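J.: From first to last, the protein sequence lines stand for chains F and R. Note that the working numbering has the first sequence beginning at 1, numbered continuously upward. Note that the working numbering has the second sequence beginning at 116, numbered continuously upward. Attaching a single structure in structure tokens format; questions to follow.
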Amino acid sequence: NAGVMQNPRHLVRRRGQEARLRCSPVKGHSHVYWYRQLPEEGLKFMVYLQKENIIDESGMPKERFSAEFPKEGPSILRIQQVVRGDSAAYFCASSPPSGLDQPQHFGDGTRLSIL
Amino acid sequence: TQLLEQSPQFLSIQEGENLTVYCNSSSVFSSLQWYRQEPGEGPVLLVTVVTGGEVKKLKRLTFQFGDARKDSSLHITAAQPGDTGLYLCAGLYNFNKFYFGSGTKLNVKP
């Protein structure tokens with residue numbers, strides 16, 4: 001009865017490299033959300049996906065960032081040509097298909113450090 | 116600017132004291148959730164409030180949703196060190212997406 005699984009838990013990249021963050025939602029959940037959190041702050045919405053569809057990406061920078069949630073496999077948040085300002089904790093949450101007001105279940109996050 | 120403002124930002128109290136955390140907005144939310152987050156972990160849902168004026172109790176925690184569904188409060192009675200953590204409110208706006216407040220960092224000293 002696994003919850004949301006995110007990997008890796010920690011990721012170190014040099015400036016200019018690519019970062020790939022993975023999120024496996026709770027079994028049966030078809031809604032996935034990605035958030036970004038800086039130390040001592042709340043979570044900033046990035047993108048909301050359903051299987052094979054991006055529903056809302058208004059919180060995600062237009063350049064260098066992309067997200068997908070394929071029919072099979074985990075959701076991926078991809079950051080190309082990383083910069084120091086991308087350093088943060090990235091959290092994924094999932095919820096059941098029955099509605100947006102359903103509780104979100106969070107993973108333990110990926111802490112991205114850019115050298 | 117934050118859609119949801121939480122106050123206070125930091126709170127350090129002695130074990131046994133009571134406290135209230137506030138979550139305010141000028142916008143109306145379809146529902147509002149409260150989460151608790153510990154260092155190195157993801158937020159864990161405490162409660163969801165949906166109806167204006169709704170009050171929910173979870174042991175020593177009391178949650179209230181404002182009549183106009185623009186604000187909420189979390190009251191903890193007789194705080195314990197185990198209550199230490201970051202408390203986050205999150206509002207569902209336009210049935211579209213969740214907006215999180217900036218959080219209240221609570222430290223309960225034994």
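Just so you know, even glycine gets a beta-carbon here, dropped at the ideal spot from N, CA and C. The structure displayed is predicted, hence computed values, not measured ones.
Express the C-alpha separation of Q81 (chain F) and V32 (chain F) in angstroms, rounding to a whole number.
T.: If I take the Cα positions, the gap works out to 24 Å.
J.: Helix, strand or coil: how does DSSP classify R84 (chain F) here?
T.: It is helical.
J.: Hey, how far is the Cα of G167 (chain R) from the Cα of A183 (chain R)?
T.: When rounded, the distance between both Cα atoms is 6 Å.
J.: Hey, is L43 (chain F)'s beta-carbon within less than 8 Å of any beta-carbon in chain R?
T.: Interface residue, yes.
J.: For L161 (chain R) versus L176 (chain R), is the C-beta spacing smaller than 8 Å?
T.: Going by C-beta atoms, L161 (chain R) is nearer than 8 Å to L176 (chain R).
J.: Could you name the residues that DSSP lists as bridge partners for M5 (chain F)?
T.: Note: M5 (chain F) sits in a beta bridge opposite F:S24.
J.: Give the interface partners of Q17 (chain F) over in chain R, defined as CB-CB distance under 9 Å, in chain order.
T.: Within chain R, no residue comes near Q17 (chain F); the closest Cβ sits about 24 Å away, beyond 9 Å.
J.: What three-state label does DSSP hand D182 (chain R) in the structure shown?
T.: Here D182 (chain R) sits in coil by DSSP.
J.: Do you know whose CA, among F:G59, F:R13 and F:V4, lies nearest G157 (chain R)'s CA?
T.: Answer by Cα proximity: F:V4.
J.: Less than 8 Å between the beta carbons of K71 (chain F) and G59 (chain F), yes or no?
T.: No.
J.: Does P227 (chain R) get closer than 8 Å to chain F when you measure Cβ to Cβ?
T.: With chain R represented from 116 up to 225, any question about residue 227 (chain R) goes unanswered, as that position is not in the structure.
J.: Classify R36 (chain F) as buried or exposed, calling it buried when 16 or more other Cβ atoms lie within 10 Å of its own Cβ.
T.: Buried, by the Cβ-count rule.
J.: I want to check one thing, is the minimum distance from the CB of S187 (chain R) to the heavy atoms of the ligand GDP below 7 Å?
T.: The ligand content of the structure shown is nil, which means the ligand GDP is not present either.
J.: Between T219 (chain R) and T135 (chain R), what straight-line distance do the alpha-carbon atoms span, to the nearest angstrom?
T.: Going by the C-alpha atoms only, they are around 10 Å apart.
J.: Exposed or buried, what is K212 (chain R) when buried is set at 16 or more other beta-carbons lying within 10 Å of its beta-carbon?
T.: Looking at its Cβ environment, which holds 16 or more other Cβ atoms inside 10 Å, K212 (chain R) is buried.
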